[in-house]
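Here's the structure we're looking at; comments come further down.
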Amino acid sequence: MENQTHLGSQGGVEHTPDTHTSHVCLDRASRKSIDKPQVSHVEISTLNLDPIAGRSDAKSIDEAATDDYKPPSAEQQREYLHGRTLCGCMLLFGQCLAIFNAKYVLISATAFFMLGSCISGAAMNIETLIIGRAVAGIGAAGCWVSVQTLVTMLVELQDRPKLLGLFGVQNAVSGTTGPILAGALASRGQWRWCFFLVLPLGAFTILLSAYTIPSLPPWPLNEETEEKLSRQLSFIVRGKWQPRHDWQRRLVLVDILGYFIVTSGLICLILALQWGGSTYAWKSVTIIGLFVGFGAIMCLFIFWEHNVAWPLLPPRALKNRTLIGASFLALFTLMINLFVAIYLPVLYEAGRGVSSLKAGILIIPFLMTVVVSQAVEGYIMSFTGRYWHWGFASPAFLAIAGGLVYTVDINTTSTRLIGIQILYGIGVGLTQNVAFLSVQADNEPKAVPAAIAIVSFAQLFGGMCGPVIGNAVLSGSLRKYLASFGVPADTSKAVEGSVDAIWELQGDLRTLVIKAYLRSLNNVYIAVVPVSFLIILSASLIRNVSLKSK
C-alpha cells in the first residue's frame, strides 16, 4: 500500500519506475476491445455537460442573475461567485474513487451536478442561488476527477496523451460556445435555462455511464487500514458501534471531517487575499486574523490526516517529488490561463468599448490555439512516450507573451493582440497535459486516484487565487493611475465599479481613463513572466519517466 518514492538524479536523466499491476486496470487483451468506445463514452458523458453547465456560469449569467435578485452586499455577491469552486471536493472524490467503485462515483457526481443546476435554475433569491452553485460545484469536481481516474483504469499509459488532447478540444469548444449561448439567454432574461438545459444532458450522462462503463471493483482493505479504522471508531463512538459489512467500513473511511477542515482553511485564505488592500487594510485585525486562522486550521488538518484511517492527503504524497512538482505546475498554469481568459476580454472592453459578450468572442484565437496545441502535443507525447520536456518549452511562449502584452496601449492594433493571444495559447496548451501524465507515470496504480485529486486540487486552488490576485493588482493600480492623471473622484469611483462607465465619458477625460485602465491591466499581465519562471522550477521537480515503460 506504500506509495513508491523514487530516488535518483534530476529530471534530465531518464527514470523507469517498476511496473505495477492493478486489479482495477484491465489486462492488455481486454483493453484492445474496449479502449476506444469506452473512453469515448466517458468523455462524452461528462463533457456534454460542459458547454452549458460548466461554462454557463459566465460573467453574463453572473451579472444577469445577481442584478435580477439585487443582492444586498458586494460580499454576498462574491460569495456567490466563489461558491462554485470548492477545491476540497477534489480531494474528497479522489478518496472516494479509491474506496468505492469508480463507475458509481462518476454517476453520483453527475447526479450532484444535476441537483445543483436544478436548485440554481429554480432559485427565487440569491441565497438559494449560492447553495445551488455550491452543490453543482461539488458535482463538477467529482466529474472531473472521476473521468481522469477512469481513463487511467481503462487505457494504456502511452495512449492517454491523445485522450487528454481530445479533452482539450472538447473543453475549448465548450469554452467558446458556452459563454455565447449563456450570454444570449441571459440578455433575454432567460438565464435560468442555462441551468435547466443541464438536466436532460445529465440524464443522458447517467444512462450512458451506467450501460457503457465496466464495473471496476475498489481496492481491498489491508490489515493496516482495518486497524486504523478500529482505533478511529473507538475514539469517535467509544466502541458502541462496529460496521458489519464491507460497504459500511468503506463509508466510515470517507474523511468528511478532513474535507470540512481543509475547506474552512481555504475560505480563510481566499477571503484574506480578496479583502486585503480593498475592503480592509493588510495590517487590519480582520486580515491578520484570517491568515492566522488559515495557519491554525492547516495545522489541525495535518494533525488529523496523520491520525485518520484513510487520509484525504496521504503524508506519503509529500515525499513524491513528481507529485509536488506537478501540483505546483498545474496551479501556476491555471493561474496564467485565467489571467488571460479573464483580463484579455477586459482589455477589449476598456480599450475598444465592446460588450462583454463580444469581448469573449474576440479571445477565440487564444482558446483555439490552446485546443490545437494541446491536441498536437498529445499525439506527439503518445508517439514519443515523452512528456517531461514540454514543461520547459511552454513557459518560454508564456513569458514572451507576457512581456509583449505589457507594451499594449491605446494605439495597439488588433492584429498584434491576436498574435499575443496565439503565443499565450501555445504556452498554455503545451503545459496542460504534463502535470496529470507525470503523476500517472510515476505512481503505482493504487496511488493514482489520490495523485490526480491532489493535482486537481492544486489546479483549482490556482484558479481561485489567480483572479483574486489579479483583481487586487488591477484595483490598486487603477486607483493609483486615475489619481495621478487627475481624474475626478466621482468619475474614478464609477470607473472602478464598472468598465462600462468609461464609454459614458467624453473627450480627453475618456482618453485619460482608458490609458489608466490599460496601464493597470499591463501590471496584471506582467505577472505572467515571473509565474512562467515558477512553472519551469515546478517542471524541474518532475521525473523524466517514459510513458512506454509501463
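Note that the sequence shown covers residues 1 to 550 in the UniProt record's numbering. Virtual Cβ for every residue (Gly too), placed ideally from N, Cα, C.
### Task
Would you mind sorting Q38 into buried or exposed? The rule is 16 or more other CB atoms within 10 Å of its CB.
Confidence at Q38 is low in this model, with a pLDDT of 47, below 50, so its placement is unreliable and the value that follows should be read with caution. Under this definition Q38 is a buried residue.
### N-terminal and C-terminal residue of the alpha helix (DSSP H) that K103 is part of
Secondary structure note for K103: its alpha helix (DSSP H) is the uninterrupted segment 102-122.
### Message
Just to confirm the assignment: which complete alpha helix (DSSP H) runs, minimum length 4, are found wholly within the stretch 294-373?
### Response
Unbroken alpha helix (DSSP H) runs of no fewer than 4 residues, entirely contained in the stretch 294-373, are found at 321-352, 356-362, following chain order.
### Task
Please report the residue range of the alpha helix (DSSP H) in which A472 lies.
Its alpha helix (DSSP H) spans residues 448-484.
### Query
In the DSSP assignment, what are the bridge partners of G132?
Under DSSP, G132 shares a beta bridge with no residue.
### Task
Mind checking who G402 pairs with in its DSSP beta bridge?
Per DSSP, none; premise fails for G402.
### Query
Quick one: any contact between the stretch 462-473 and the stretch 394-413, if contact means 3 or more CB pairs under 8 Å?
Touching, no.
### Task
Give a yes or no on whether the C-beta atoms belonging to R386 and L166 are separated by under 9 Å.
No.
### Query
By a C-beta neighbour count over all protein chains shown, 10 Å radius and 16 as the cutoff for buried, is C194 buried or exposed?
Flag for C194 reads buried.
### Task
Please name the residue or residues paired with G276 in a DSSP beta bridge.
Per the DSSP secondary-structure output, G276 pairs in a beta bridge with Y280.
### Query
Per DSSP, what kind of secondary structure is E444 in: helix, strand or coil?
If DSSP states are grouped into helix, strand and coil, E444 belongs with coil.
#### Entry: Pairwise C-alpha distance: I380 and G295
Going by the C-alpha atoms only, they are around 43 Å apart.
### Residue of G258, S284, A450, W282 minimising C-alpha distance to N307
Considering only alpha carbons, the answer is G258.
### Message
Within 8 Å, do at least three Cβ pairs link the stretch 426-439 to the stretch 318-330?
### Response
The stretch 318-330 vs the stretch 426-439: in contact.
### Message
Is it the case that the stretch 122-142 contacts the stretch 350-370, given that we only count it when at least three CB pairs across the two stretches are under 8 Å?
### Response
Contact check between the stretch 350-370 and the stretch 122-142: fewer than three CB pairs, one atom from each, fall below 8 Å, which does not count as touching.
### Nearest candidate by alpha-carbon position, reference I420, set F397, W191, A136
Ranking F397, W191, A136 by Cα distance to I420 puts F397 first.
### Euclidean distance between Cα positions of V545 and W388
Distance between the alpha carbons of V545 and W388 is about 8 Å.
#### Entry: Simplified DSSP assignment, three categories, for W247
Here W247 sits in helix by DSSP.
#### Entry: Member of M153, F112, A489 whose CA lies at the smallest distance from the CA of R133
Of the candidates M153, F112, A489, the residue whose Cα lies closest to the Cα of R133 is F112.
### Query
Any chance the stretch 350-366 sits against the stretch 482-492, with 3 or more Cβ pairs inside 8 Å?
No: fewer than three Cβ pairs fall under 8 Å.
#### Entry: Simplified DSSP assignment, three categories, for L216
L216 falls in the coil class under three-state DSSP.
### Query
Short check: CB of L163 to CB of V145, under 9 Å?
Going by C-beta atoms, L163 is not nearer than 9 Å to V145.
### Query
Between G265, P218, V135, K283, which lies nearest to A447 when the distance is taken from Cα to Cα?
Of G265, P218, V135, K283, the smallest CA-CA separation from A447 is found for P218.
#### Entry: Nearest-angstrom beta carbon gap, L115 and V135 [assumed within contact, 8 Å]
The Cβ separation is near 6 Å, so the contact holds.
### Message
Under DSSP, the alpha helix (DSSP H) around Q158 begins and ends at which residues?
### Response
Where Q158 is concerned, there is no enclosing alpha helix (DSSP H), given that its DSSP letter is neither H nor E.
### Query
Got a sec, what are the start and stop residues for the alpha helix (DSSP H) R510 sits in?
In this chain, the alpha helix (DSSP H) harbouring R510 covers 507-525.
### Message
So for D409, helix, strand or coil by DSSP?
### Response
In the structure shown, the three-state DSSP call for D409 is coil.
### Task
Under 6 Å Cβ to Cβ from S477, same chain only, skipping five residues before and after it: list those, please.
Within the same chain, S477 has close Cβ partners S520, N523.
### Message
Going by DSSP in three states, N125 sits in which element: helix, strand or coil?
### Response
Assigned with DSSP and collapsed to three states, N125 falls in coil, not helix or strand.
### L201 beta carbon less than 9 Å from that of A472
Their beta carbons are not under 9 Å apart, which means A472 does not touch L201 by this criterion.
### Task
Give every residue of the same chain whose Cβ lies closer than 7 Å to the Cβ of T128, excluding the five residues on either side of it in the sequence, and list them in chain order.
Its chain contains I119 as the residues whose beta carbon lies nearer than 7 Å to that of T128, once the 5 sequence neighbours on both sides are disregarded; these appear in chain order.
#### Entry: Neighbourhood of F392 by C-beta, 7 Å cutoff - its chain only, sequence neighbours within 5 removed
Setting aside the 5 residues that flank it on each side, F392 is surrounded in the same chain by I536, A539, each with a C-beta closer than 7 Å to its C-beta; the list follows chain order.
### Residue from A203, G507, Y424 whose Cα sits closest to the Cα of S108
That would be A203, whose Cα lies nearest to the Cα of S108.
### Task
Locate the alpha helix (DSSP H) running through A494, then write down its first and last residues.
Start and end: 489-497.
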